[in-house]
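Last residue of the sequence shown: 1061 (the working numbering), numbering continuous.
To start, the structure itself, in structure tokens.
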Amino acid sequence: MSTEDIDDYDRKILEIIQVDAELPASTIAEVVNLSASAVQRRIKRLKDLGVIVATVAVVDGKKVGRPLVFLAAVEVERERKDLLNQLKKWLLGESYVQQAFYTTGASDLTVIITAKDVEEYDHITQMMVEMNPNIKRINTSVCLQIYKRGSVIPTD
906 MSTEDIDDYD
916 RKILEIIQVD
926 AELPASTIAE
936 VVNLSASAVQ
946 RRIKRLKDLG
956 VIVATVAVVD
966 GKKVGRPLVF
976 LAAVEVERER
986 KDLLNQLKKW
996 LLGESYVQQA
1006 FYTTGASDLT
1016 VIITAKDVEE
1026 YDHITQMMVE
1036 MNPNIKRINT
1046 SVCLQIYKRG
1056 SVIPTD
């Protein structure tokens, strides 16, 4: 899959559905100047190609009892592939881990975690270390206010 496989119509469709994936194909069709069935075929093709990886609802954590967001900068002892894969598998399986990035810089991973309170976050990080003894250190930043939260990727 390369960027050549995506044309201007696909890009316009992606821009629209990243903001509101529930829009009917007929509404999208009017904006991009295609038929509704052509829009549906293109969306299916983009899913089949792996361009669209999920269709989700964005939930306000405060309204479901998980108001806190923590940014955990994780350092590991050794960057061995098997140990990193073990940590990756653990992170993928934990619902309170919202995002996890393997990074360059002072830390090896940046992990975004949601929790109902500081005690729950402490419990989560203790479990993370117990289940992944390769973790050397976790430096935590507490999110005081969210200015922007999104997942829209520019398609131009």
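Built from N, CA and C at the ideal position, the CB exists for glycine as well.
It should be emphasised that the depicted structure is a prediction, and the values quoted were computed from it without experimental measurement.
Here Val974 is buried: its Cβ has 16 or more other Cβ atoms, across all protein chains shown, within 10 Å. Counting along the chain, the unbroken alpha helix (DSSP H) around Lys917 starts and ends at Asp913 to Val924.
Unbroken alpha helix (DSSP H) runs of no fewer than 4 residues, entirely contained in the stretch 920-1002, are found at 930-937, 941-953 and 986-997, following chain order. Taking C-beta atoms as the reference points, Lys1021 and Arg1054 fail to come closer than 8 Å. Rounded to the nearest whole angstrom, the C-alpha separation of Ser942 and Ile1058 is 25 Å.
Across the set Ser1012, Ala1005, Ala1011 and Asp1013, the C-alpha of Ala1005 shows the shortest separation from the C-alpha of Thr1019.
When the Cα atoms are used, Val1016 and Leu976 turn out to be separated by approximately 6 Å. In this chain, the alpha helix (DSSP H) harbouring Ile1029 covers Val1023 to Met1036. Using a Cβ-Cβ distance cut-off of 8 Å, the stretch 979-994 and the stretch 958-966 are not in contact, since fewer than three pairs of beta carbons, one from each stretch, lie closer than that value.
Between the stretch 938-958 and the stretch 907-926, the count of Cβ pairs shorter than 8 Å is three or higher; the stretches touch.
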